[in-house]
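Following: one structure in structure tokens, then a few remarks.
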Amino acid sequence: MKKDQIKLGDKVKAVFRKYGKHIIIGTVFEISEDEHALNGTWVSIKVTGGNMNDPHVGWLVKNNINVLVPISDVKEVIK
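All residue numbers for the sequence shown refer to the numbering used here, where the first residue is 26 and numbers rise by one.
Right under this line is the structure:
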């Protein structure tokens, strides 16, 4: 996905790759480019759902966790 295809407030489906590969759904609240020693474009997502059979995703939702993923891991915007 490219930066011009998403905007703040969009609901997106993404892959979160910490401790494995987890499919998440959430709301975009920040888009950053080349900040904080991270090259490229990164998207901050408030996790609200996803593959709830994955205990890691369930934990993210239950604890209102936000995640940071590279824009290439944002797979689609959900209408």
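Heads up, the beta-carbon is just placed ideally off N, CA and C, and yes, glycines get one too.
Being a predicted model, the structure only gives us computed values, none of them experimental.
* Asked: Which partner residues does Ala39 have in the DSSP bridge list?
  -> Ile49, Val99
* Would you kindly report the start and end of the unbroken alpha helix (DSSP H) that includes Leu85? => 80-87
* Do you know offhand how far Val72's Cα is from Asn78's? -> 15 angstroms
* To do: Tell me, please, which residues DSSP counts as bridged to Thr66.
  => Glu58
* Measure the beta-carbon distance from Val99 to Met26 and round it to whole angstroms, keeping in mind my assumption that it falls under 8 angstroms. => 4 angstroms
* To do: Report the rounded CA-to-CA distance for Trp34 versus Val68, giving the unit in angstroms.
  => Note that residue 34 is Gly in the sequence shown, not Trp. Looking at the two C-alpha atoms, the distance is approximately 11 angstroms.
* Asked: Which one of Ile48, Gln30, Lys104 has the shortest CA to CA distance from Gly74?
  -> Ile48
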